[in-house]
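Everything on this sheet refers to the single structure shown next.
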Amino acid sequence: MLTRRHIRAKVMQSLYAFHQGSKDSMQAEEKFLKKSTEEMYNLFLLDFELLVSIRDYADDYFKIAKKKFLATEEEKNPNKKFINNQLLKRISDSSAISNLVEDRKLIHWKRDDEYPKLIWDKILESDLYADYILAETSSFKEDKEFIVDVFKLIIAPNEDLYDYYEDQNLTWIDDFPIVNTTFLKFLQKQKESDEVITVPRLYKNVEDENFAKELFTKTLLANDQLTEITKNKTPNWDQDRIADIDSILIKMALCEFLKFPSIPVRVTINEYLELAKEYSTPKSSTFINGVLDTVSKEYQTNGKINKIGRGLM
91 MLTRRHIRAK VMQSLYAFHQ GSKDSMQAEE KFLKKSTEEM YNLFLLDFEL
141 LVSIRDYADD YFKIAKKKFL ATEEEKNPNK KFINNQLLKR ISDSSAISNL
191 VEDRKLIHWK RDDEYPKLIW DKILESDLYA DYILAETSSF KEDKEFIVDV
241 FKLIIAPNED LYDYYEDQNL TWIDDFPIVN TTFLKFLQKQ KESDEVITVP
291 RLYKNVEDEN FAKELFTKTL LANDQLTEIT KNKTPNWDQD RIADIDSILI
341 KMALCEFLKF PSIPVRVTIN EYLELAKEYS TPKSSTFING VLDTVSKEYQ
391 TNGKINKIGR GLM
């Protein structure tokens, strides 16, 4: 699930938390890094469980409406296209998802069931839903496109849901855009021939998991050396004027230059410029690019940067 860019973002957040805190326990921040990445995965799983809970609530909604004393013809014979949506049913029937949710004790939508109800109400009153149930055709492709649109247009931008996640876990606010984008891409990639849901793991492989820990510890342990390099390459800048996030991103990139021989310099620079655009000031990417470009050229010339093999992303 996590790409190398996601991992770098999580490491950046952990380094920022360390420098803003007491700075007395690298082990504690390592635990924070591990916990925050696990919590990010929980948020990803909650997106699955939310869809399941919305479907369950919709099913109950139709059953209750059918039992009304003065039920309308539409309530007596409801259109169950949403309940029978092939992708939604596949997610609901997935033992892989339900086992992960159970193992991680993600009971949010059972405990706070007003949120699936709230989202179902939004779906029910939307033109998107009206058009969907009135369409005469029915296919996996159509069902998938509907769920993708529901997530993109109704679930992801819902402010009540955003506020709920913020109340549950502060780190989820930073994770929210990444997780939503990842989940949306996951839905879009589903194929009719897949038959069952294959849930991605938190880390693609052991190398990525080790990369997270190593980038954090190596950047932190080399902090004084990396600070000195930064000062030498920004002589006209008061260090207090350099944004904290910019400083951390530069140090992480320098650490990759010097201590991660398998990652190409250009890959490192591009990755941190993208992170700067997302997490720092409007001018940060230009500033960071200037520093990293200068250092990389100088260090490649004098042999301080030695890269081997093909870069990993």
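When we follow my numbering, the leftmost residue of the sequence shown carries the number 91, and every step to the right adds one. In this text, a Cβ means the ideal position worked out from N, Cα and C, and glycines have one as well. Every value quoted in this text rests on a predicted model; they were computed, and no experiment measured them.
The alpha helix (DSSP H) spanning K200 covers which residue range?
-> H198 to R201
What are the start and end residues of each continuous alpha helix (DSSP H) run of 4 or more residues lying completely inside the segment 233–304, in chain order?
-> 249–258 and 261–279
Looking at the C-beta of E164, does it have a partner C-beta in chain C at a distance below 8 Å?
-> The question asks about chain C, but that chain is absent: this structure has only one protein chain.
What are the start and end residues of the alpha helix (DSSP H) that includes S337?
-> D334 to K349
6 Å Cβ shell around R145 - same chain, five flanking residues per side excluded = L178 and S182
With a cut-off of 8 Å on the beta carbons, I'd call Y362 and L382 a contact; round off their distance for me.
-> 7 Å
Which partner residues of L123 appear in the DSSP bridge assignment?
-> BP columns for L123 are empty, so no partner.
Report yes if the C-beta distance between K212 and I263 is below 8 Å; otherwise report no.
-> no
Nearest-angstrom Cα distance between S184 and T227?
-> 25 Å
Residues near L136 by beta carbon distance below 7 Å, same chain, minus five either side = L196 and H198
Residues sharing a beta bridge with L92, DSSP | Y293
For F172, which of helix, strand or coil comes out of DSSP?
-> coil
Roughly how many whole angstroms lie between the Cα atoms of N62 and I187?
-> Lying outside 91 to 403, the shown extent of the chain, residue 62 is not represented and no answer is given.
A312 - DSSP class collapsed to helix/strand/coil = coil
What are the boundary residues of the alpha helix (DSSP H) that R356 is part of?
-> V355 to Y369
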